[in-house]
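>
There are 2 protein chains.
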Amino acid sequence: MSAGCVHINGEFVSLDDAKMSIFDTGFLHSDVVYDVTTSWQGYIFKLDEHLERFAASCAGFHLKNPYSKAETAKLLAECTRKARCEDGGFIHMHVTRGKYAEGSRDPRLCENQFACYVVPYVWLWGPKKSKSGVNVHMASVERVSSKAVDARFKNFHWGDLIQAQYQAYEAGRDDAVLCGPDGNVAEGPGFNVWIVKNGVCATPDANCLLGMSRKSVIELCGMAGIRCETRKVHPDELRGADEAFATSSAGGVMPITAVDDKPLGNGAPGMVTSQLMDSYWRLREQGWCGTKIGDLLDA
Amino acid sequence: MSAGCVHINGEFVSLDDAKMSIFDTGFLHSDVVYDVTTSWQGYIFKLDEHLERFAASCAGFHLKNPYSKAETAKLLAECTRKARCEDGGFIHMHVTRGKYAEGSRDPRLCENQFACYVVPYVWLWGPKKSKSGVNVHMASVERVSSKAVDARFKNFHWGDLIQAQYQAYEAGRDDAVLCGPDGNVAEGPGFNVWIVKNGVCATPDANCLLGMSRKSVIELCGMAGIRCETRKVHPDELRGADEAFATSSAGGVMPITAVDDKPLGNGAPGMVTSQLMDSYWRLREQGWCGTKIGDLLDA
Chain A
1 MSAGCVHING EFVSLDDAKM SIFDTGFLHS DVVYDVTTSW QGYIFKLDEH
51 LERFAASCAG FHLKNPYSKA ETAKLLAECT RKARCEDGGF IHMHVTRGKY
101 AEGSRDPRLC ENQFACYVVP YVWLWGPKKS KSGVNVHMAS VERVSSKAVD
151 ARFKNFHWGD LIQAQYQAYE AGRDDAVLCG PDGNVAEGPG FNVWIVKNGV
201 CATPDANCLL GMSRKSVIEL CGMAGIRCET RKVHPDELRG ADEAFATSSA
251 GGVMPITAVD DKPLGNGAPG MVTSQLMDSY WRLREQGWCG TKIGDLLDA
Chain B
1 MSAGCVHING EFVSLDDAKM SIFDTGFLHS DVVYDVTTSW QGYIFKLDEH
51 LERFAASCAG FHLKNPYSKA ETAKLLAECT RKARCEDGGF IHMHVTRGKY
101 AEGSRDPRLC ENQFACYVVP YVWLWGPKKS KSGVNVHMAS VERVSSKAVD
151 ARFKNFHWGD LIQAQYQAYE AGRDDAVLCG PDGNVAEGPG FNVWIVKNGV
201 CATPDANCLL GMSRKSVIEL CGMAGIRCET RKVHPDELRG ADEAFATSSA
251 GGVMPITAVD DKPLGNGAPG MVTSQLMDSY WRLREQGWCG TKIGDLLDA
């Protein structure tokens, strides 16, 4: 790992030098929230919205970003430039609880720590399959309930997601989709799930991250006059969908072309999926909802 | 933080120098299992059983400890001696997934990392309250379901536990008890929960860590002829118990003397609780189920 830049403990360092204390309860108790946006053609995508969601995640976990929104925005821009990723970067930020005070385990007494890193743009399923589509595995592992850890607050509680990926890989499939405790589709490891049936798009409304790319697709549907629903989605609806796709900052809109080895439709990316992929990337090329990195650095 | 010793990346370092890469998915995805035992009067408690549970946790998460059981035992002993904690130490070990291979997010390709640390003996609620008892808060946050992340595999998915602690502290109480998705008592942050009613002890049988101190109490009950049940425990049973206590490596047997500000019994540690505390510590002083640290170092 080499291309990229990290800001941690108040300084910019290389990826190899980005270290944290093992006593930070961000590690020992996964007491941490994060957010991810991306850069493309000199713009950071939906920066304000990401920073707002990040602030909401912090508040939801009783964490406080030591940097203001404006300071955070500037750090992300500086980190993106130092990483030489202005035209295509994966921009990650997190706030950890920090170390316990000596002899205490009161999270309120910890000094919260911010870090961010930028690496070259990440395609969730690699650059090829993120465009041609993947075969997902319906995992038997249940997604962590929002009654335990609220999925709206972007967090690192991925033990279920990783074990679901193991199941998928062992079955020779590309990735996993998990259901929530109510038996309906929740999300996959790092992505929201969408189905298309009779020209109508639908995505789960609960026990999943309220993804920014998910929100972007809702907007794109609006622009294109495609009906779009956020509601409960039963796994059988995914299995029987005309098309399906995933949304993630790591790839935008990406086709799901099979479920448990069974092709959806004719097994190729669907018409609506392709239309949404095209419009997503056409708009991203034009700096859609973007903040110019140069402007942030001059601010 | 100063007294103690850490073994990480193949070397012994001070607590302040114990660092890990922020790209280890043990942090980024909480893809890590751990275990804790303790030293007392020159002995490590139930070492083989802890190493077996640790191996089971690793297997449950598809992780592999790069060290054999014998090597791990020796590292723990060396770390305990270097920390000067042979007569009272908190001995923590973990295995993290490690970094993803470049351009991959396949957990199977990661090089798993072992680390351990030893610090002076930790009392969950401080040395005083761990003996005199605490007032616990019945949290509204639900414990992560074992259908999502199996509680038998000791893990860092503590987001729910920490938020429950926040609720407890905000309510002026000492710690929190969480229920599982079925509405029955699960566990608290780092401890198993026990009730005593009409001289009979009971502790939850599901959605909780199968604690070693919990197991020790089952053994102590056997020795003392106290009836002991592992079964579902409804929160109303805790509220209406004659006595209650917690078990943890960080303190052994510790009284719970009130629930949501309401005293249990006369509000002092109960008779059965006190008897179990006494026998636990009397046996620990005698090296009960202990492996002599000197023997491990000579091996």
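Heads up: the protein sequence lines correspond to chains A and B, in order. The opening residue of the first sequence carries number 1 in our numbering; numbering runs sequentially from there. The opening residue of the second sequence carries number 1 in our numbering; numbering runs sequentially from there. Yeah, the Cβ is synthetic: ideal placement off N, Cα and C, and Gly gets one too.
1. Mind checking G180 of chain B: buried by the 16 CB within 10 Å criterion, or exposed?
2. Which residues of chain B have a Cβ atom closer than 7 Å to the Cβ of S30 of chain A, listed in chain order?
3. DSSP on S274 of chain B, reduced to helix/strand/coil?
4. For E86 of chain A, collect the residues of the same chain with a Cβ closer than 7 Å to its Cβ; drop the 5 residues on either side in sequence, then sort them by chain order.
5. For G4 of chain B, does the count of other Cβ atoms within 10 angstroms reach 16, so buried, or fall short, so exposed?
6. Where does M1 of chain A sit, in a helix, a strand or coil, going by DSSP?
7. Determine, using beta carbons only, whether T203 of chain B and V196 of chain B come nearer to each other than 8 Å.
8. Would the stretch 157 to 176 of chain B and the stretch 200 to 220 of chain B be scored as touching if the rule is three or more Cβ pairs under 8 Å?
9. Identify, in the order they occur along the chain, each residue of the same chain with its Cβ nearer than 8 Å to the Cβ of V233 of chain B, setting aside the five sequence neighbours on each side.
10. By the DSSP assignment, the alpha helix (DSSP H) with I293 of chain A in it spans what residues?
11. List, in chain order, every chain B residue whose beta-carbon is nearer than 7 Å to that of P235 of chain A.
12. Runs of 3 residues minimum, wholly inside the stretch 109 to 142 of chain A: which ones carry the beta strand (DSSP E) assignment?
13. In chain A, which residues lie with their C-beta within 8 Å of the C-beta of L15 of chain B?
14. Give me the chain A residues within the contact set of S57 of chain B, using Cβ-Cβ distance strictly less than 7 Å, ordered along the chain.
15. Per the contact definition of three or more C-beta pairs closer than 8 Å, is the stretch 150 to 163 of chain A in contact with the stretch 24 to 31 of chain B?
16. Rounded to whole angstroms, what's the CA-CA distance from S21 of chain B to R97 of chain A? Just pull it up for me.
17. Just reading off the beta strand (DSSP E) that Y34 of chain A is part of, what are its end residues?
18. Give me the Cβ distance between F23 of chain A and A18 of chain B, rounded to the nearest whole Å; I'm assuming they're in contact under 8 Å.
19. Using CA atoms only, rank isn't needed, just tell me which of A:K215, A:E49, A:K262 is closest to T72 of chain A.
20. Could you tell me whether the Cβ of M20 of chain B comes closer than 8 Å to any Cβ of chain A?
21. For H62 of chain B, which of B:V272, B:V95, B:E187, B:L15 has the nearest alpha-carbon?
22. With M175 of chain A as the anchor, note down where its beta strand (DSSP E) starts and where it stops.
23. Distance check for P255 of chain B and K262 of chain B, CA to CA, integer angstroms please.
24. With 9 Å as the limit, tell me which residues of the stretch 93 to 113 of chain B have their beta carbon closer than that to any beta carbon of chain A; keep them in chain order.
25. Kindly list, in the order they appear in chain B, the residues whose Cβ is closer than 7 Å to that of E142 of chain A.
26. CB-CB under 7 Å to G88 of chain A, same chain, minus the five flanking residues each way: which ones, in chain order?
27. Are there 16 or more other CB atoms within 10 angstroms of the CB of R84 of chain A, so buried, or fewer, so exposed?
28. Could you please give the first and the last residue of the uninterrupted alpha helix (DSSP H) stretch that includes A386 of chain B?
29. Going by C-alpha to C-alpha distance, which of A:H137, A:A244, A:M212, A:M277 sits closest to V177 of chain A?
30. What distance in whole Å lies between the Cβ atoms of A246 of chain A and G188 of chain A, which are believed to be in contact at a cut-off of 8 Å?
31. So what does P255 of chain B bridge to, in DSSP terms?
32. Kindly indicate if chain C contains any beta-carbon less than 8 Å away from that of Q167 of chain A.
33. Give the straight-line distance between the Cα atoms of D16 of chain A and D35 of chain B, rounded to the nearest whole angstrom.
34. Quick one: which chain A residues come within Cβ less than 8 Å of A115 of chain B?
35. Within this structure, are the beta carbons of Y280 of chain A and V259 of chain A separated by less than 8 Å?
36. Return the bridge partner residues of C201 of chain A from the DSSP annotation.
For this structure:
1. buried
2. S30, F156, H157, W158, G159
3. helix
4. S39, G42, T80, I293
5. When all chains shown are included, G4 of chain B counts as buried.
6. For M1 of chain A, the predicted structure reports a pLDDT of 46, less than 50, and the residue's modelled location is therefore unreliable. A value from the coordinates is still provided. Here M1 of chain A sits in coil by DSSP.
7. no
8. They do not touch, by the three-pair rule.
9. N184, V185, V193, I195, A202, T203, P204
10. 293 to 298
11. Contact of P235 of chain A with chain B by beta-carbon distance below 7 Å is absent, the smallest such distance being about 15 Å.
12. 113 to 120, 134 to 142
13. Residues of chain A passing the Cβ test: F23.
14. Near S57 of chain B there are no residues of chain A at all, since even the closest Cβ is about 11 Å away, more than 7 Å.
15. They touch, by the three-pair rule.
16. 17 Å
17. Per DSSP, Y34 of chain A belongs to the beta strand (DSSP E) from 32 to 40.
18. 7 Å
19. A:E49
20. yes
21. B:V95
22. With the sequence shown as reference, residue 175 of chain A is identified as Asp, and Met is not the correct amino acid for it. Per DSSP, D175 of chain A belongs to the beta strand (DSSP E) from 175 to 179.
23. 14 Å
24. H94, T96, R97, K99, Y100, E102, G103, S104, R105, D106, P107, R108
25. Neighbours of E142 of chain A across chain B, judged by C-beta separation under 7 Å: S145, K147, A148.
26. S39, W40, P120, Y121
27. Exposed is the call here.
28. Here chain B covers residues 1 to 299 and nothing more, so residue 386 of chain B does not appear.
29. A:H137
30. 6 Å
31. B:F245
32. Although the question refers to chain C, the structure presented lacks it and instead comprises the protein chains A and B.
33. Our two residues, D16 of chain A and D35 of chain B, have alpha carbons roughly 28 Å apart in a direct line.
34. I22, listed in chain order.
35. No, these two residues do not count as a Cβ contact at 8 Å.
36. A:V196, A:C228
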